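Participant:
Residue numbers (this note's numbering): 1 to 517.
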């Protein structure tokens, strides 16, 4: 039975038409202030995408990060990462001075040094927030009031309190705070609101500045015919304002401690599996509320980016539950997720869902069926496929996104050359090499380009490659190694690295495959 016969509309992706795009996190954009931003850095990159005929830009989750700097463990499911705020815009509005931001200009240009960057940029944003509140010359006071009205009770008020309390407790996770705050004693929170009113207001202003710049960034993408493609972790972090403010949504005891945590069993990336540490959802609670929080979360995400990838989609069908305190993820077991009921509730409110399902890893027929029941596109990652001599690029489904690799993979050139961190056996690597060369009809030195052409040639509505693959970079440009917490999320493209000849080459690939904007 077809989707049409099941009364399932074409996916958001299929309605976009045949396109090509790039995966590039905001942090990786070039710029002179130590990290990419959603202001001038993003605008310049949008113009380059137009020249390359790339009409989709995929980014990683945009929430505020904590220890390890992972975008997949944000401190809020709704707040924005203040590190993404562009300082040039604040300079133009008179909220900062050039002498104040000059301290960031000697930061590294090829990677993000979070340890140096965070305290300096946070101090600058605090100064800008104080000036924003004391001076109305920027003309945004009314917009700020509207922002508070729209988001205050839903997440902003709790997030601001959470960040102040986290700072007062030495950045420890909320279950380790004073008990009055762990249990959200109303009198204690009222005193906190009075005593730290200025700090709370600064946090809210910073969030407003993020949303204001993001809306301009999104409008700039739309003007250029570029679709922003976001990313959402399936789980929220235990150390998040969402878990602290609404523990009833999760399987936590009265002191905020989980009995079981999320992860995945042993797979391609790790022999011991991955132990993520996130608390698990109380799906019976969400069912009773008709999945209201999930619907609000998807709606919020789709206002930022018209297309949203949900990481670890398979967890909606069944999820890996690991006892709290386990040393590895080997000791977990599969538990049933919400299945169709969640997506039926979403479709009832939203209609066509702007979702791409990350359906990698241990995928069963039941997971495929869940995705297909709701017309959701899946993913194909060629690094996982071309090593199989029986793989046929023509087998890639139209309702899918075909990637060379993702943020969790080595770069394609690094994958082909392999290195000491490779989990494949020498025999497997040799077989993968032979099969990849046969599939791409390329050479060892041009595999990044050849694999990109192969992805473009697929029937998938959307073909994607990380920026590192367009640039033909090796393992030194890898963004993340799953299961590790050190030296990730740091790579940055340098100014001038994207040369006109390369942009012309990418445009030619898009034209050849019928994927031009």
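Beta carbons are placed, not taken as given, at the ideal position from N, Cα and C, and that holds for glycine.
Since we're looking at a predicted model, the values are computed, not measured.
Let me know if residue 284 comes out buried or exposed under the rule of 16 or more other beta-carbons within 10 Å of its beta-carbon.
Facilitator: Classification of residue 284: exposed, given that the 10 Å Cβ count is below 16.
Participant: Taking 6 Å as the limit between beta carbons, can you name the residues of its chain near residue 208, skipping five residues before and five after?
Facilitator: If we look at residue 208 and ignore the five residues flanking it on each side, its Cβ neighbours are 144, 147.
Participant: Please determine, among 151, 280, 438, the residue with the shortest C-alpha to C-alpha distance to residue 332.
Facilitator: Comparing Cα-Cα distances from residue 332 to each of 151, 280, 438, the minimum goes to 280.
Participant: Quick one: what's residue 310 bridged to in DSSP?
Facilitator: Residue 310 is bridged to 232, 357.
Participant: Could you pull the DSSP bridge partners for residue 321 from this structure?
Facilitator: BP columns for residue 321 point to 262, 333.
Participant: Let me make sure I understand the geometry here. Which of 75, 77, 105, 80 has the alpha-carbon closest to that of residue 88?
Facilitator: Comparing Cα positions, the closest option is 105.
Participant: Could you spell out the range, first to last residue, of the alpha helix (DSSP H) harbouring residue 89?
Facilitator: Residues 87-92.
Participant: Assign residue 213 to buried or exposed, taking buried as 16 or more other Cβ atoms, counted over all protein chains shown, within 10 Å of its Cβ.
Facilitator: With 16 or more other Cβ atoms within 10 Å, it is buried.
Participant: With DSSP as the reference, identify every bridge partner of residue 111, one or two as the case may be.
Facilitator: Looking at the DSSP assignment, residue 111 forms a beta bridge with 491.
Participant: Give me the residue from 436, 462, 290, 472 with the minimum Cα distance to residue 449.
Facilitator: If we check each option's Cα against that of residue 449, 472 comes out closest.
Participant: Where are the beta strand (DSSP E) runs, 3 residues long or more, that stay fully inside the stretch 38-108, in chain order?
Facilitator: The qualifying runs are 56-58.
Participant: Count the other CB atoms within 10 Å of the CB of residue 121; is the residue buried (16 or more) or exposed (fewer)?
Facilitator: Buried is the call here.
Participant: So what does DSSP say about residue 277, is it helix, strand or coil?
Facilitator: Correct three-state label for residue 277: strand.
Participant: To the nearest angstrom, how far is it from the Cα of residue 366 to the Cα of residue 67?
Facilitator: If I take the Cα positions, the gap works out to 35 Å.
Participant: With the cut-off set at 7 Å, would you say residue 103 and residue 39 are in Cβ contact?
Facilitator: Cβ distance not < 7 Å, so residue 103 and residue 39 don't count as in contact.
Participant: How many angstroms separate the CA atom of residue 76 from the CA atom of residue 159?
Facilitator: Computed Cα separation, rounded: 7 Å.
Participant: Quick check: the stretch 53-65 against the stretch 173-184, are there 3 or more CB pairs under 8 Å?
Facilitator: The stretch 53-65 vs the stretch 173-184: no contact.
Participant: Whose C-alpha, out of 270, 353, 385, is nearest the C-alpha of residue 301?
Facilitator: Checked all of 270, 353, 385; the closest Cα to residue 301 is 353.
Participant: So who's on the other strand from residue 191, going by DSSP bridges?
Facilitator: Paired residues: none, contrary to the question.
Participant: Below 8 Å, how does it come out for the stretch 426-442 and the stretch 368-375: are there three or more Cβ pairs, yes or no?
Facilitator: Judged by Cβ distances under 8 Å, the stretch 426-442 makes no contact with the stretch 368-375, as fewer than three pairs qualify.
Participant: How is the beta strand (DSSP E) around residue 465 delimited, first residue to last?
Facilitator: Start and end: 462-466.
Participant: Where residue 493 and residue 112 are concerned, what is the direct C-alpha to C-alpha distance, given to the nearest angstrom?
Facilitator: Cα to Cα, the separation comes out at about 11 Å.
Participant: Tell me the DSSP secondary structure of residue 400 in three-state form.
Facilitator: Strand.
Participant: Tell me the DSSP secondary structure of residue 481 in three-state form.
Facilitator: The answer is coil: DSSP assigns residue 481 none of H, G, I, E or B.
Participant: Please list the segments of the beta strand (DSSP E) lying wholly inside the stretch 338-388, counting only runs of 3 or more residues, in order along the chain.
Facilitator: Segments of the beta strand (DSSP E) lying fully in the stretch 338-388: 355-357, 378-381.
Participant: When we look at the beta-carbon of residue 388 and count the other beta-carbons within 10 Å, is it buried (16 or more) or exposed?
Facilitator: Burial call: exposed.
Participant: Would you tell me roughly how many angstroms separate the C-alpha atoms of residue 154 and residue 243, rounded to the nearest one?
Facilitator: Cα-Cα distance, rounded: 13 Å.
Participant: Relative to the C-alpha of residue 65, which candidate in 50, 84, 170 has its C-alpha closest?
Facilitator: Out of 50, 84, 170, 84 has the C-alpha closest to the C-alpha of residue 65.
Participant: Going by DSSP in three states, residue 250 sits in which element: helix, strand or coil?
Facilitator: It is a strand residue.
Participant: Look at the alpha carbon of residue 396 and the alpha carbon of residue 151, and state the distance between them as a whole number of angstroms.
Facilitator: Residue 396 and residue 151: Cα-Cα distance of roughly 41 Å.
Participant: Mark residue 486 as exposed unless 16 or more other C-beta atoms lie within 10 angstroms of its C-beta, in which case mark it buried.
Facilitator: So residue 486 counts as exposed.
Participant: Of all the options 220, 465, 478, which has the alpha carbon lying nearest to the alpha carbon of residue 47?
Facilitator: Of the candidates 220, 465, 478, the one whose C-alpha sits nearest the C-alpha of residue 47 is 220.
Participant: Can you tell me the Cα-Cα spacing of residue 477 and residue 257, whole angstroms?
Facilitator: Whole-angstrom Cα-Cα distance: 37 Å.
Participant: Could you give the distance in angstroms between the alpha-carbon of residue 199 and the alpha-carbon of residue 507?
Facilitator: Cα-Cα distance, rounded: 48 Å.
Participant: Do residue 408 and residue 482 have their C-beta atoms closer together than 7 Å?
Facilitator: It is a contact, given that the beta carbons lie within the stated cut-off.
Participant: Starting from the Cα of residue 174, find the closest Cα among 131, 239, 211 and give me that residue.
Facilitator: Among 131, 239, 211, the Cα nearest to that of residue 174 is on 239.
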